[in-house]
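Note sheet for the following structure.
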Amino acid sequence: MPSTNSPPGISLDALRSGDPQALAALFEAYADRIYRLALSLLHDPSAAEDIVQETFVSAITHLDRFEGRSSLGTWLYRVGYNASLDWLRRRKDEPLPPDEPGDESDAVPLPRSLVEWTLTPESRQAEGEMAAELDRAIGELSEGLRLVFLLRDVDELSTQETAEALGLTEGAVKVRLHRARLALREKLSDYFAERTPQEGEAA
Amino acid sequence: MNCQELIRYLSDYIDRSLSDELHAEAQQHLATCHNCHVVLDTTRQTIYLYRQSGRQAIPAEHRAELFARLQQSLAARKDSAS
Ligand SMILES: [Zn+2]
């Protein structure tokens, strides 16, 4: 699987020496990704921007700690994830994400909804409503499932990169991704099946 | 392969990370089982929808300011270190 996670043409030496173009390229490649990660945990856009700032400052000033075992991008995710958890710890009213139960078992419930749905031009007309529905469905996932889905399926990191970024085993990443996909499919099915003309019905 | 096994392997099937043998078994099941085919298709659409619309970005009106703030903090740290 091709990785989208290696910053093209960003040299560590340039970043260390404070090259503004290298910094701009790194920001361009990763700021939105770190923002999404933080927003998904903190649910606070302005705090998520602070996390972006904190992540880049911390990463650039501690570049010597970056060992090059993972890609620089994966390391940024990791710094951003830890900064988000620290923010949650400082805010005592915001609980830390609980451990995800059952990472060892790959058992998943059998699908409930078996209705076909497709995205028709009509369903696309209501894009604002659809976006709200997508937000609602993913908001109902546990944090542990949501983050894995975000990194693997939205940001398109590999299983290994996601495991490194979130400090999980690759096995746990695979189990969580599978659960997240099936749970989201189930949640969206009710919404879309209603809006898809079924066989035998007038369109 | 039965339905339960197919569902267990569904993500690996989508990600093409099954062995050739299991992949072929899954394909065979999918060719004859309508329900599992629907689950596969709607799971793919679910992933596609989030990939298309789930990429929230820093609000455009804050982006330049955030980058400027980052440059300032890094410059300040450099000054205090030297
Ligand atoms: Zn089946």
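In the order they appear, the protein sequences are chains A and B.
In this text, residue positions in the first sequence follow the working numbering: the first is 1, and each later residue adds one.
In this text, residue positions in the second sequence follow the working numbering: the first is 1001, and each later residue adds one.
Backbone N, C-alpha and C fix where the C-beta goes; we use that ideal spot for every residue, glycine too.
For ligand 1, enumerate in chain order all residues having a CB closer than 6 Å to any of its heavy atoms.
-> B:CYS1003, B:LEU1006, B:HIS1029, B:CYS1033, B:ASN1035 and B:CYS1036
Taking all protein chains shown into account, do 16 or more other C-beta atoms lie within 10 angstroms of the C-beta of A:ARG62, making it buried, or fewer, making it exposed?
-> Checking the displayed sequence, the identity of residue 62 of chain A turns out to be His instead of Arg. Classification for A:HIS62: exposed.
Using the Cα positions of B:MET1001 and A:SER105, report the straight-line distance between them to the nearest angstrom.
-> 20 Å
Amino acids of chain B, ordered along the chain, whose beta-carbon sits closer than 8 Å to that of A:GLU116 = VAL1038, ASP1041 and THR1042
Alpha-carbon to alpha-carbon, B:HIS1029 and A:ARG89 = 48 Å
Reducing DSSP to helix, strand and coil, say where A:GLU49 ends up.
-> helix
Beta-carbon gap between B:THR1032 and A:LEU188 smaller than 8 Å | no
Output yes if chain B places a C-beta closer than 8 Å to the C-beta of A:GLY167; else output no.
-> no
For B:TYR1009, which residues from the same chain have a beta carbon less than 7 Å from its beta carbon, with the 5 sequence-adjacent residues on both sides left out?
-> LEU1018, LEU1022 and ALA1026
Report the three-state DSSP secondary structure of B:ASN1002 (helix, strand or coil).
-> coil
Does the beta-carbon distance from A:TRP117 to A:ALA193 come in below 8 Å?
-> yes
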